[in-house]
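J.: First the structure, then my questions, so here it is.
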C-alpha cells in the first residue's frame with residue numbers, strides 16, 4: 001500500500017511539472033526482487049521524474065530519483081548492504097552546427113560535462129566526457145552469527161570520490177556504423193569525519209567497440225566490451241586518538257562481453273556472452289588482515305575486557321569465475337488508431353555457470369597464545385532457464401501526447417545445481433597453543449559440512465517466486 005502511494009505521488013508530480021513548464025515530462029517506477037533466502041537477499045526499487053524544455057538549439061532539464069538497494073550475505077558474519085538515495089539533477093545542453101555540449105550537476109554532489117564535434121554531414125562524430133564527484137554507495141553492516149561474540153555489529157558508511165574521463169568516436173558511411181569508446185575511472189581515498197567508514201582506492205578501465213549495418217528494413221549490431229578493475233577497500237574505525245584499519249580487501253576483476261542484436265520491423269533478437277573473473281588476495285603481514293573485527297572496538301571496551309578478551313582475525317583468498325550465455329527475442333504489435341496499444345512479449349533463455357574458491361585462515365588470540373586454522377570452501381552454481389517479459393504501452397497522439405507503459409518480467413528456471421563443499425579444517429603448522437588446550441573445540445582437524453546436488457525442488461521454486469521485476473511509466477509531450 002505504501003509503495004502504491006509513492007508511485008501515485010511521483011506520477012502526479014511528473015504530470016504537473018510537464019504541463020507547467022516543459023514540452024516533455026516523464027515519470028517512471030520499477031523494482032527488481034531477485035532473492036529472498038535465509039542467507040542471501042537482494043532487491044532494488046527506483047522511482048524517478050524528469051522534466052525538460054527545449055527552445056531552438058538549447059535545452060534545460062531536471063530530474064528527481066528515489067532509489068533503494070538492499071542485499072545480505074551470510075557466512076559466519078552477516079554482511080548487509082543498503083543504499084537509499086534521493087538524487088536531484090539539473091542540466092543544460094546546446095546544439096550548434098559543429099559542436100554540441102551537455103553540462104549537468106546533481107545532489108551527490110557530482111558534475112558531468114560532455115563536448116561533441118560533428119560535421120554537417122554527420123559522417124564523423126567525436127565526444128569527450130569528464131565527470132567527478134562524491135558518490136554515496138551506501139552502508140555496509142557486519143553482524144556475527146554468534147550473538148555472544150564481543151563485537152555485536154559494525155556499521156560503516158561508504159562514499160567514493162570519483163574522477164572519470166571518456167572519449168568516443170563514431171563513423172557512419174552508407175549502411176555501416178562504427179563506434180569506438182574508452183573510459184577510465186579513478187577513485188581517490190578520502191578520510192571523512194565519521195566513526196566507521198569504508199575508504200576505496202580504485203582504477204577501472206572500460207573499452208567498447210560496436211559495429212552496425214543497416215539492411216533494407218532491418219539492422220544488425222555487434223559489440224565487444226572489455227573492463228578491468230583494480231581496487232582496494234579499507235574499513236576504518238576513527239576515534240579522537242587514531243584511525244584503525246579493521247578491513248583490507250585488494251580486489252582484481254576482468255570482464256569480457258560479446259553482444260549481437262538484430263532488429264527487423266516488429267521483431268528484436270539478441271545474443272550475449274559474458275565472462276567475469278575476480279580475485280581477492282590476502283596479505284600475511286600484521287595489520288593487513290582481510291577482516292579484524294577487534295580493531296573496530298573502542299579503547300574503553302578493550303580495557304574493560306582485560307584478560308578475557310578473545311581476538312579473532314580473518315585472512316581470505318578467493319577466486320571467482322562466472323560464464324553466462326543469454327539469448328532471446330521479442331515481438332510487438334501496434335493496434336488501434338486514436339488510442340494506440342503496443343503489446344510486447346519477450347522470451348530470453350540463459351545459461352550460467354560460476355564457481356567461487358575460498359581459502360580462509362582464521363587466527364585466534366587468547367592472552368599470549370595464537371592459534372590459526374585454515375578452511376577451504378568451494379561453491380559452484382549452474383543454472384538454465386528463461387526470463388519471460390510482458391509489456392504493454394497505451395499512447396494517445398495529438399497536440400498533447402500521453403503514454404502509459406507497464407511491464408513485468410519473471411525468471412522461470414529449468415535446472416539449478418548448487419554445490420557447497422567445505423573441506424576439513426586443520427591447525428596451521430607452527431602455531432602455538434597452550435599445553436593440553438587447543439583453540440579449536442577439537443584438536444587437529446574439524447570436518448566441514450558439504451552441501452551438493454540439484455536444488456530444483458527448493459532454490460528453483462524460490463527463484464520462481466522471487467526472481468521478478470516490474471516497471472510502470474507515464475510520459476507527457478506537447
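Residue numbers (the working numbering): 1 to 478. Note that the Cβ used here is the ideal one computed from N, Cα and C, for glycine as well. None of these values were measured; they are calculated from a predicted model.
1) Assuming residue 397 and residue 405 make a contact with CB atoms under 8 Å, what is their CB distance in whole Å?
2) So does the stretch 311-320 actually touch the stretch 346-353, counting three or more Cβ pairs closer than 8 Å?
3) Cutting at 6 Å between CB atoms, please list the residues of its own chain near residue 260, excluding the five before and the five after it.
4) Tell me the residue span of the beta strand (DSSP E) that contains residue 200.
5) Helix, strand or coil for residue 395 per DSSP?
6) Are the Cβ atoms of residue 128 and residue 180 separated by less than 7 Å?
7) Which residues mark the beginning and the end of the beta strand (DSSP E) in which residue 250 is found?
8) Ordered along the chain, which non-local residues of its own chain (more than five positions away) have a Cβ less than 8 Å from that of residue 184?
9) For residue 295, which beta-bridge partners are listed by DSSP?
10) Which residues in the same chain as residue 410 place their Cβ atom closer than 6 Å to its Cβ, once the five residues preceding and following it in sequence are excluded?
11) Identify the continuous beta strand (DSSP E) that holds residue 419 and give its terminal residues.
12) By the three-class DSSP mapping on this structure, what secondary structure does residue 343 have?
13) One question on the structure: do residue 268 and residue 218 come within less than 7 Å of each other, judged by their Cβ atoms?
14) Which of the three DSSP states is assigned to residue 444 in this structure?
15) Please say whether residue 198 and residue 482 have beta carbons closer to each other than 7 Å?
16) Restricting to Cα atoms, I'd like to know which of 317, 158, 117 is closest to residue 136.
17) Out of 240, 227, 231, state which residue places its alpha-carbon closest to the alpha-carbon of residue 255.
18) Which residue marks the beginning of the beta strand (DSSP E) containing residue 40, and which one marks its end?
19) Rounded to the nearest angstrom, what separates residue 66 and residue 374 at their Cα positions?
20) Quick check: the Cα distance between residue 505 and residue 95, rounded to an integer number of angstroms?
21) Put residue 286 into one of helix, strand or coil per three-state DSSP.
22) Within this structure, are the beta carbons of residue 90 and residue 103 separated by less than 7 Å?
23) What does the Cβ neighbour count give for residue 362, buried or exposed, with the cut at 16 atoms within 10 Å?
24) Starting from residue 158, follow the beta strand (DSSP E) in both directions and report where the run begins and ends.
25) Determine contact between the stretch 277-292 and the stretch 340-347, defined as no fewer than three beta-carbon pairs at a distance below 8 Å.
26) Which residue marks the beginning of the beta strand (DSSP E) containing residue 104, and which one marks its end?
27) Nearest to residue 382 by CA position, among 371, 403, 414, 399, is which residue?
28) State the Cα-Cα distance for the pair residue 232 and residue 27, rounded to the nearest angstrom.
29) Please report the straight-line C-alpha distance between residue 324 and residue 364, rounded to a whole angstrom.
30) Taking the alpha-carbon positions, what's the residue 333 to residue 169 distance?
31) Compute the beta-carbon to beta-carbon distance between residue 196 and residue 123, rounded to the nearest angstrom, for a pair I have assumed lies under 8 Å.
32) Taking only three categories from DSSP, how would you classify residue 142?
33) In whole angstroms, what is the alpha-carbon distance linking residue 250 and residue 209?
34) Please confirm whether residue 209 has its beta-carbon closer than 7 Å to some beta-carbon of chain D.
35) I'd like to check one pair, residue 276 with residue 322: are the Cβ atoms closer than 7 Å?
36) Mind checking residue 264: buried by the 16 CB within 10 Å criterion, or exposed?
T.: Answer, in terms of the structure:
1) The count along the chain shown starts at 1 and reaches residue 397 at position 397. The count along the chain shown starts at 1 and reaches residue 405 at position 405. Their Cβ separation, rounded to whole angstroms, is 15 Å, which puts residue 397 and residue 405 out of contact at 8 Å.
2) With a cut-off of 8 Å on Cβ pairs, the stretch 311-320 is not in contact with the stretch 346-353, counting fewer than three such pairs.
3) Numbered from its first residue, the chain shown carries residue 260 at position 260. Within its own chain, the residues whose Cβ lies closer than 6 Å to the Cβ of residue 260, once the five positions on either side in sequence are excluded, are 222, 271, listed in chain order.
4) Position 200 of the chain shown, counting from 1, holds the residue named residue 200. Counting along the chain, the unbroken beta strand (DSSP E) around residue 200 starts and ends at 196-214.
5) The residue labelled residue 395 in the question sits at position 395 within the chain shown. If DSSP states are grouped into helix, strand and coil, residue 395 belongs with the strands.
6) For the purposes of this step, residue 128 is identified with residue 128 of the chain shown, where counting begins at 1. For the purposes of this step, residue 180 is identified with residue 180 of the chain shown, where counting begins at 1. Not a contact, by the Cβ cut-off of 7 Å.
7) Indexing the chain shown from 1 puts residue 250 at position 250. DSSP places residue 250 inside the beta strand (DSSP E), whose first and last residues are 243-264.
8) Taking the chain shown and counting its residues from 1, one reaches residue 184 at position 184. Same-chain partners within the cutoff: 164, 165, 166, 203, 204, 205, 206.
9) Position 295 of the chain shown holds residue 295. According to DSSP, residue 295 bridges with nothing at all.
10) The residue labelled residue 410 in the question sits at position 410 within the chain shown. Sequence-distant Cβ neighbours of residue 410 in its own chain, meaning closer than 6 Å and more than five residues away, are 388, 468.
11) Sequence index remark: in the chain shown, residue 419 carries index 419 (1-based). That run of the beta strand (DSSP E) goes 401-422.
12) For the purposes of this step, residue 343 is identified with residue 343 of the chain shown, where counting begins at 1. In the structure shown, residue 343 falls within a strand segment according to DSSP collapsed to helix, strand and coil.
13) Your numbering for residue 268 matches position 268 in the chain shown. Your numbering for residue 218 matches position 218 in the chain shown. No, they are not a contact pair.
14) Position 444 of the chain shown, counting from 1, holds the residue named residue 444. Residue placement at residue 444 cannot be trusted, given a pLDDT of 38 that sits under 50; what the coordinates show is reported in the next sentence. DSSP, reduced to helix, strand and coil, places residue 444 outside both helices and strands of the structure shown, so it counts as coil.
15) Lying outside 1 to 478, the shown extent of the chain, residue 482 is not represented and no answer is given.
16) Counting from one through the chain shown, the residue named residue 136 turns up at place 136. The residue with the shortest Cα to Cα distance from residue 136 is 158.
17) Taking the chain shown and counting its residues from 1, the one referred to as residue 255 is at position 255. Considering only alpha carbons, the answer is 227.
18) The count along the chain shown starts at 1 and reaches residue 40 at position 40. DSSP places residue 40 in the uninterrupted beta strand (DSSP E) bounded by 40-55.
19) By 1-based counting over the chain shown, the position of residue 66 is 66. By 1-based counting over the chain shown, the position of residue 374 is 374. For residue 66 and residue 374, the distance between alpha carbons rounds to 44 Å.
20) This structure gives no information on residue 505, because the portion of the chain shown stretches from 1 to 478.
21) Taking the first residue of the chain shown as 1, we reach residue 286 at position 286. Three-state DSSP puts residue 286 in coil, outside helix and strand.
22) Your numbering for residue 90 matches position 90 in the chain shown. Your numbering for residue 103 matches position 103 in the chain shown. Contact: no.
23) Within the chain shown, numbered from 1, the residue matching residue 362 stands at position 362. By the neighbour-count criterion, in which a residue is buried when 16 or more other Cβ atoms sit within 10 angstroms of its Cβ, residue 362 is buried.
24) Along the chain shown, one-based indexing puts residue 158 at 158. Taken as a continuous stretch (DSSP letters only), the beta strand (DSSP E) holding residue 158 covers 154-173.
25) Result no; under three Cβ-Cβ pairs closer than 8 Å.
26) The residue given as residue 104 occupies position 104 in the chain shown. Per DSSP, residue 104 is one residue of the beta strand (DSSP E) stretching across 99-106.
27) Counting from one through the chain shown, the residue named residue 382 turns up at place 382. Among 371, 403, 414, 399, the Cα nearest to that of residue 382 is on 414.
28) Reading the chain shown from its first residue, position 232 is the one you call residue 232. Reading the chain shown from its first residue, position 27 is the one you call residue 27. C-alpha separation (whole angstroms): 38 Å.
29) Counting from one through the chain shown, the residue named residue 324 turns up at place 324. Counting from one through the chain shown, the residue named residue 364 turns up at place 364. Approximately 39 Å between the Cα atoms of the pair.
30) Here residue 333 is taken as the residue at index 333 of the chain shown, counted from 1. Here residue 169 is taken as the residue at index 169 of the chain shown, counted from 1. Each residue's Cα considered, the two are about 35 Å apart.
31) The count along the chain shown starts at 1 and reaches residue 196 at position 196. The count along the chain shown starts at 1 and reaches residue 123 at position 123. Incorrect: roughly 54 Å between the Cβ atoms, too far for contact.
32) Taking the first residue of the chain shown as position 1, residue 142 is located at position 142. Strand.
33) By 1-based counting over the chain shown, the position of residue 250 is 250. By 1-based counting over the chain shown, the position of residue 209 is 209. When rounded, the distance between both Cα atoms is 29 Å.
34) Absent from the structure is chain D; it holds one protein chain and no more.
35) In the chain shown, residue 322 corresponds to position 322, counting from 1. In the chain shown, residue 276 corresponds to position 276, counting from 1. Yes.
36) Walking along the chain shown from the start, residue 264 turns up at place 264. With fewer than 16 Cβ atoms within 10 Å of its Cβ, residue 264 is classed as exposed.
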